[in-house]
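A short write-up of the structure that comes next.
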Amino acid sequence: MAHLDHDLDPALLVELEHLCTGLASHAGRFIHDERPRRVRVADTKSSETDVVTEMDRRSEQLLHGLVRQARPEDGILGEEGAHVSGRSGLTWVIDPIDGTVNYLYDIPAYAVSVAVVVGDPETPGSWRPVAGAVSDPCRGVVHHARRGGGAWTRSDHGKRSVPRRLAVSTEDALGRALLATGFGYEAQVRARQAEVMREVLPLVRDIRRIGSAALDLARVAEGTVDAYAETGLNPWDLAAGWLLVEEAGGQVLGVAAHPGPALTVAAGPALVEPVRALFTARMHSEGDVS
Ligand code: IPD
39 MAHLDHDLDP ALLVELEHLC TGLASHAGRF IHDERPRRVR VADTKSSETD VVTEMDRRSE
99 QLLHGLVRQA RPEDGILGEE GAHVSGRSGL TWVIDPIDGT VNYLYDIPAY AVSVAVVVGD
159 PETPGSWRPV AGAVSDPCRG VVHHARRGGG AWTRSDHGKR SVPRRLAVST EDALGRALLA
219 TGFGYEAQVR ARQAEVMREV LPLVRDIRRI GSAALDLARV AEGTVDAYAE TGLNPWDLAA
279 GWLLVEEAGG QVLGVAAHPG PALTVAAGPA LVEPVRALFT ARMHSEGDVS
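For the numbering used here, add 38 to where a residue sits in the sequence shown, where the first one is 1.
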C-alpha cells in the first residue's frame with residue numbers, strides 16, 4: 039500500500055481530487071435540489087432505524103455511472119451496495135448520503151462523501167485515502183483534499199469561488215474540547231456507546247451529535263469542533279473525512295494506528311492521544327470493537 043501511495047503521480051492526484059470535488063458537489067446538489075417533500079424509506083439494513091431512502095440509491099447510481107465513465111479501470115465500493123473490483127489499484131469509496139436520518143427528517147446536516155483509496159477498503163488497517171471530497175449541500179460548500187496538497191473548502195456554486203484552506207483547532211485541553219460523536223444503529227451497540235458517553239461528557243466542554251460522520255470529520259478539519267470519536271464506522275463514512283483532517287494538520291487514529299470500525303478518533307496533534315485514551319480506557323466489551 040505504501041508503495042502504491044508513493045508511486046502515485048502528482049498530476050494523477052490533482053486529477054483525482056478534482057474529480058472527487060466535482061462528483062461530491064454534483065451529487066450533493068442532486069440530493070438537496072431533488073429532495074422529495076416526503077422522503078420515502080425504501081429499505082432498512084442493520085436495524086429498523088438504519089434506513090435507506092430512494093435518494094440514497096439514486097445518488098449512488100449517479101456517482102457509480104460517473105466514476106465508471108471517468109475512471110473505468112478503478113474499483114468502486116458504495117454504501118448502498120456498489121461493488122466493482124478494479125485493475126488500477128485505486129478504489130472509489132462512496133457514501134451517497136451520509137446523515138440519512140437527517141435527510142429523512144429534513145434536518146440540514148447531510149453530506150455526500152467521495153474518496154479514492156489505495157489498498158483494500160474492506161480490510162480495516164490495510165487502506166488509506168489519497169484524494170477525497172465531502173459536499174455539504176445545505177451549507178453550499180464542498181471540502182476537498184489530496185495527499186500532500188492541503189485541505190480546502192470552496193463554495194459549491196461555480197468554479198470561480200476561491201478555496202479557503204482548512205486547519206484543525208489548536209485546543210489542547212480535554213476539559214475545553216468540543217467533542218463530536220455518533221451512534222450506531224443497533225440497540226446493544228448504542229447502549230454501550232451511551233455508557234461510554236455518560237463517563238466522557240463530564241470530562242469535556244460538551245458533545246455534539248451532528249448525525250453525519252463525514253461532516254463531523256470535515257468540522258474537525260475546519261476547526262469548528264475540536265475532536266471527534268466514534269466506534270462502528272464503515273469505510274464510506276470516514277474515507278474522505280480522514281484525508282481532510284490529516285491534510286488540515288490533524289491526526290486520525292483507531293485503537294491502533296488506523297481508524298476503522300473498532301474506533302475512529304480525529305483531532306489536532308495535542309488532543310488526539312488524550313481523546314483516544316478517553317475512549318480506549320472505556321471500551322471493555324467485545325461489542326465495542328464491532
Ligand atoms: C451514519 C452517520 C452517523 C454515524 C453512523 C453512520 P449514514 O451514516 O454518519 O453520524 O453516527 O455511524 O452510520 O447511515 O447516515 O450513511
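We put the beta carbon where it would ideally sit given N, CA and C, even for glycine.
Nothing here was measured: the structure is a model prediction, and the numbers come from that model.
Could you have a look at residue i and say whether DSSP puts it in helix, strand or coil?
i	result
Arg-73	coil
Ala-153	strand
Asp-45	helix
Tyr-223	coil
Thr-161	coil
Arg-236	helix
Arg-228	helix
His-296	coil
Leu-271	coil
Ala-211	coil
At the 8 Å Cβ level, is residue i part of the contact set with chain B, yes or no?
i	result
Ala-265	The displayed structure is made up of one protein chain only, and chain B is not part of it.
Around the C-beta of residue i, are 16 or more other C-beta atoms found within 10 angstroms, so that it is buried, or is it exposed?
i	result
Ser-151	buried
Asp-275	buried
His-41	Confidence at His-41 is low in this model, with a pLDDT of 49, below 50, so the placement of that residue should be treated as unreliable; the coordinate-derived value is given next. Classification of His-41: exposed, given that the 10 Å Cβ count is below 16.
Thr-302	buried
Glu-72	exposed
His-195	exposed
Gln-231	buried
Arg-75	exposed
Glu-98	buried
Which partner residues does residue i have in the DSSP bridge list?
i	result
Gly-116	Ile-132
Ala-171	Val-152, His-182
Ser-193	Val-179
Arg-202	Thr-191
Ala-305	Ala-265, Gln-289
Asp-81	Val-90
Asp-244	Leu-216
Arg-166	Val-156
His-121	Leu-115
Inspect the CB distances between the region 229-242 and the region 117-133 and report whether three or more fall short of 8 Å. no
Count Cβ pairs between the region 283-291 and the region 200-207 that sit closer than 8 Å; are there 3 or more? yes
Can you pull every residue whose C-beta falls closer than 7 Å to some heavy atom of the ligand IPD, listed in chain order? Asp-88, Glu-117, Asp-133, Ile-135, Asp-136, Gly-137, Thr-138, Val-139, Gly-220, Phe-221, Gly-222, Tyr-223, Ile-248, Gly-249, Ser-250, Ala-251, Ala-252, Asp-254, Glu-268, Gly-270, Leu-271, Asn-272, Asp-275
Between the region 101-113 and the region 218-235, can you find at least three pairs of beta-carbon atoms closer than 8 Å? no
Touching by the beta-carbon criterion (3+ pairs, under 8 Å), the region 306-320 and the region 156-173: no
Does the count of Cβ pairs from the region 184-192 and the region 80-94 closer than 8 Å reach three? no
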